[in-house]
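What follows is a single structure, written as structure tokens, with notes after it.
There are 2 protein chains.
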Amino acid sequence: MEVAIQKDTKQSILDIAEDLLHQKGYNAFSYKDIAVALGIKNASIHYYFPSKEDLGEAVVLYAFEKLKKLQEKAQAKNLSPPEELDFFLSIYQHYLEKKLKIGLIGTLAVNFAAIPEKMQIAGQKITQTCIAWLQSILEKGRASQTLRFEGDSFAQALLILASLEGALQIARLTDNQHFYQIVGQLRNSLILSITI
Amino acid sequence: MEVAIQKDTKQSILDIAEDLLHQKGYNAFSYKDIAVALGIKNASIHYYFPSKEDLGEAVVLYAFEKLKKLQEKAQAKNLSPPEELDFFLSIYQHYLEKKLKIGLIGTLAVNFAAIPEKMQIAGQKITQTCIAWLQSILEKGRASQTLRFEGDSFAQALLILASLEGALQIARLTDNQHFYQIVGQLRNSLILSITI
DNA sequence: GTCTATAGCAGGATAGAC
DNA sequence: GTCTATCCTGCTATAGAC
């Protein structure tokens, strides 16, 4: 069984569309953008995704699957709560560095009134999954006395997620360095054990 | 000097465009949206704002002026640091309740690659003004021992601003209640004196 | 200042050849 | 599966009457 040298077209479309969704938002990217990036014609994209709504939904579901796989991966590693928190933070750091500086929740929320309903629903599921994941990390950290926070773990999970989405946006408007400062401030307030 | 019963048209256009920018993002709203909301024809809007870029820039500058007036108003009141912080938080609460759930920084950042350069620059100025304002509140609070936080006041200001922008977005995707939970968690960590 | 009419363009989408 | 060609729609923008 050989490794395919060329990613199959449908997969490539999803990857590019996902990048564009982060970069420009749902309304600002077009089939043509994808076609140009892929070196095909935009009619070909309609073969895989008949309408833009189909594509939009597929992209968010695809991102959802990736998120769940990351979560499984983290759990398989049996990380300490601070390590698992850093794993989560690294997802956002990845957005900053490789992709183009906006989280999925942010892009979906900002254009919420202008995206198809199925994207809205998928976006809600992703958000809930992130919140639940963070909450579980916080609970484990509190029980093992490796993470410190006051009050409700759910509210603290919301605060962390909100900070990360906002951090990417501030970074895009001003300076990437600001993202790292926000994450540093967050980590300092949360992590008890001396980890760099 | 009588109060004008009907706001002048240019002002109304700005107000509606600002709402739409928060609601749908720059690319997703059209001259027609404004025209319908105002009961005029879209050609009339071009009389006041020849191009959409002009309108977009004017909206952000308008928001910038309002922000600065709010800041002056807060300073004229001689508020305590916790009160001034709550004043700032109330701006975001206002977005949640009256406007449609997204901050200006968020909408500009998400659509950054798709907005005219003048809007980008104006958005950067607004962001810097917010950061500086928050930082000044934090510094005063630390000096008077009414606000508690660790580390750099600039980084903490960034964290607060990011949290608020993100909080609106999570609220839009899930539940308004989540906004209040995030703000509550933030306030609990910051405010030392017993205020409800 | 506001209107009607229309130009010009771009994006989503479909039909049909290959 | 990918192409060319084309349709339709919606948007920005302009010209010119009133």
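Residue numbers (our numbering), protein chains in the order written: chain A, 8 to 203; chain B, 8 to 203. Positions of the beta carbon are idealized from the N, C-alpha and C atoms, including for glycine. Quick caveat, the model's predicted, so the values are computed rather than measured.
Practice problem: Consult DSSP for L154/A and reduce its assignment to one of helix, strand or coil. | Solution: In the first sequence, the residue the question calls residue 154/A occupies position 147. Looking at L154/A - three-state DSSP - the assignment turns out to be strand.
Quiz prompt | Rounded straight-line distance, which links the Cα of K59/B to that of L45/B | solution = Your numbering for residue 45/B matches position 38 in the second sequence. Your numbering for residue 59/B matches position 52 in the second sequence. Their Cα atoms are separated by approximately 17 Å.
Practice problem: Output the distance between the C-alpha atoms of K84/B and F95/B, rounded to the nearest integer angstrom. | Solution: What you label residue 84/B is simply residue 77 of the second sequence in a count that begins at 1. What you label residue 95/B is simply residue 88 of the second sequence in a count that begins at 1. Cα to Cα, K84/B sits roughly 13 Å from F95/B.
Exercise. Over the uninterrupted alpha helix (DSSP H) stretch that includes D182/A, give me the two end residues.
Key: Here the question's residue 182/A lines up with position 175 in the first sequence. D182/A -> no alpha helix (DSSP H), and no H or E assigned at all.
Quiz item: What distance in whole Å lies between the Cβ atoms of Y69/B and L175/B, which are believed to be in contact at a cut-off of 8 Å?
Solution: Against the second sequence, residue 175/B aligns to sequence position 168. Against the second sequence, residue 69/B aligns to sequence position 62. Between Y69/B and L175/B the Cβ distance is about 20 Å, and since that is not below 8 Å, they are no contact.
Quiz item: Closer than 8 Å, Cβ to any Cβ of chain B: which residues of the region 177 to 199 of chain A, in chain order?
Solution: I177, R179, L180, T181, H185, Q188, I189, G191, Q192, L193, N195, S196
Quiz prompt | Start-end ranges of the alpha helix (DSSP H) lying completely within the region 75 to 114 of chain B, minimum 4 residues | solution = Note on the region 75 to 114 of chain B: whole alpha helix (DSSP H) runs with a minimum of 4 residues are 88 to 104, in chain order.
Self-check item: chain B contact residues for E172/A, given Cβ-Cβ distances below 7 Å
Solution: For this step, residue 172/A is matched to residue 165 along the first sequence. Result: G173, Q176.
Quiz prompt | Nonlocal neighbours in the same chain, by C-beta distance under 8 Å from I198/B, ignoring five residues either side | solution = Along the second sequence, one-based indexing puts residue 198/B at 191. For I198/B, where only same-chain residues beyond five positions count, the Cβ hits under 8 Å are P89, L92, T153, L154, R155.
Quiz item: Helix, strand or coil for I3/A per DSSP?
Solution: No statement about residue 3/A is possible, as the shown extent of chain A runs from 8 to 203 and does not include it.
Self-check item: Residue from G148/B, N183/B, A162/B, K125/B with nearest C-alpha to S196/A
Solution: Numbered from its first residue, the first sequence carries residue 196/A at position 189. The residue with the shortest Cα to Cα distance from S196/A is A162/B.
Quiz item: Taking the continuous alpha helix (DSSP H) assigned at L199/B, which residues delimit it?
Solution: Here residue 199/B refers to the residue found at position 192 of the second sequence. Run containing L199/B: none; DSSP gives neither H nor E here.
Exercise. Just mark Q135/B as buried or exposed, buried being the case when its beta carbon has 16 or more other beta carbons within 10 Å.
Key: Working through the second sequence from its first residue, we reach residue 135/B at position 128. By the C-beta density criterion, Q135/B is exposed, having fewer than 16 other C-beta atoms within 10 angstroms.
Quiz item: How close, in whole Å, do the beta carbons of M126/B and L115/B come, if the pair is a contact with beta carbons under 8 Å?
Solution: Within the second sequence, numbered from 1, the residue matching residue 126/B stands at position 119. Within the second sequence, numbered from 1, the residue matching residue 115/B stands at position 108. Their Cβ separation, rounded to whole angstroms, is 7 Å, which keeps M126/B and L115/B in contact under 8 Å.
Quiz item: Any idea what DSSP makes of S58/B, helix, strand or coil?
Solution: Start at 1 with the first residue of the second sequence, and residue 58/B comes out as number 51. Three-state DSSP puts S58/B in coil, outside helix and strand.
Quiz prompt | Beta-carbon proximity check, K131/B vs A164/B, cutoff 7 Å | solution = Within the second sequence, residue 131/B is the residue found at index 124, counting from 1. Within the second sequence, residue 164/B is the residue found at index 157, counting from 1. Contrary to the premise, residue 131/B reads as Gln rather than Lys in this sequence. Not closer than 7 Å, so no.
Quiz item: Using a C-beta to C-beta distance shorter than 7 Å, which residues of chain B count as neighbours of K59/A?
Solution: For this step, residue 59/A is matched to residue 52 along the first sequence. Ordered by position in chain B, no residue passes the 7 Å Cβ test against K59/A, which lies about 13 Å from the chain.
Practice problem: Tell me, please, whether the CB atom of I109/A is closer than 7 Å to any CB atom in chain B? | Solution: Against the first sequence, residue 109/A aligns to sequence position 102. Yes - at least one Cβ of chain B is within 7 Å of the one on I109/A.
Self-check item: C-alpha distance - F119/B paired with I20/A, whole-angstrom precision
Solution: Position 112 of the second sequence holds residue 119/B. Position 13 of the first sequence holds residue 20/A. Cα to Cα, F119/B sits roughly 22 Å from I20/A.
Quiz item: Interface residues of chain A around K105/B at Cβ under 9 Å?
Solution: Residue 105/B sits at position 98 when you count from the first residue of the second sequence. Within chain A, no residue comes near K105/B; the closest Cβ sits about 16 Å away, beyond 9 Å.
Exercise. Give the secondary structure of D159/B by DSSP, where H, G and I count as helix, E and B as strand, and everything else as coil.
Key: Walking along the second sequence from the start, residue 159/B turns up at place 152. Coil at D159/B, not helix or strand.
Quiz item: From Q30/B to Y102/B, what distance separates their C-alpha atoms?
Solution: Along the second sequence, one-based indexing puts residue 30/B at 23. Along the second sequence, one-based indexing puts residue 102/B at 95. A direct Cα-Cα distance of roughly 10 Å separates Q30/B from Y102/B.
Quiz item: Would you say F71/B reaches chain A, if we count a Cβ-Cβ gap shorter than 7 Å as a contact?
Solution: Taking the second sequence and counting its residues from 1, the one referred to as residue 71/B is at position 64. It does not; no Cβ of chain A falls within 7 Å.
Self-check item: Beta-carbon gap between A166/A and S170/B smaller than 7 Å
Solution: Taking the first residue of the first sequence as 1, we reach residue 166/A at position 159. Taking the first residue of the second sequence as 1, we reach residue 170/B at position 163. Going by the sequence as given, residue 166/A is Leu instead of Ala. Yes, the Cβ-Cβ distance between L166/A and S170/B is below 7 Å.
Quiz prompt | Q18/A versus Y55/A - alpha carbon distance | solution = Translated into the one-based positions of the first sequence, residue 18/A becomes position 11. Translated into the one-based positions of the first sequence, residue 55/A becomes position 48. Near 10 Å, if we compare the C-alpha coordinates of Y55/A and Q18/A.
Quiz item: So the alpha helix (DSSP H) A24/B belongs to, where does it begin and stop?
Solution: Locating residue 24/B in the second sequence gives position 17, where the first residue counts as 1. Unbroken alpha helix (DSSP H) run through A24/B: 16 to 31.
Quiz item: Would S71/B pass as a contact of I23/B if the rule is Cβ separation under 7 Å?
Solution: In the second sequence, residue 71/B corresponds to position 64, counting from 1. In the second sequence, residue 23/B corresponds to position 16, counting from 1. Residue identity check: residue 71/B is Phe in the sequence provided, not Ser. Not closer than 7 Å, so no.
Self-check item: Cut-off 7 Å between Cβ atoms - residues of its own chain near D40/B, not counting five sequence neighbours on either side
Solution: If you number the second sequence from 1, residue 40/B lands on position 33. Excluding five sequence positions before and after D40/B, the CB atoms of its chain that fall closer than 7 Å to its own CB belong to L27, given in chain order.
Quiz prompt | A42/B versus A35/B, I52/B, L168/B, T181/B, residue with shortest Cα-Cα distance | solution = Position 35 of the second sequence, counting from 1, holds the residue named residue 42/B. Among A35/B, I52/B, L168/B, T181/B, the Cα nearest to that of A42/B belongs to I52/B.
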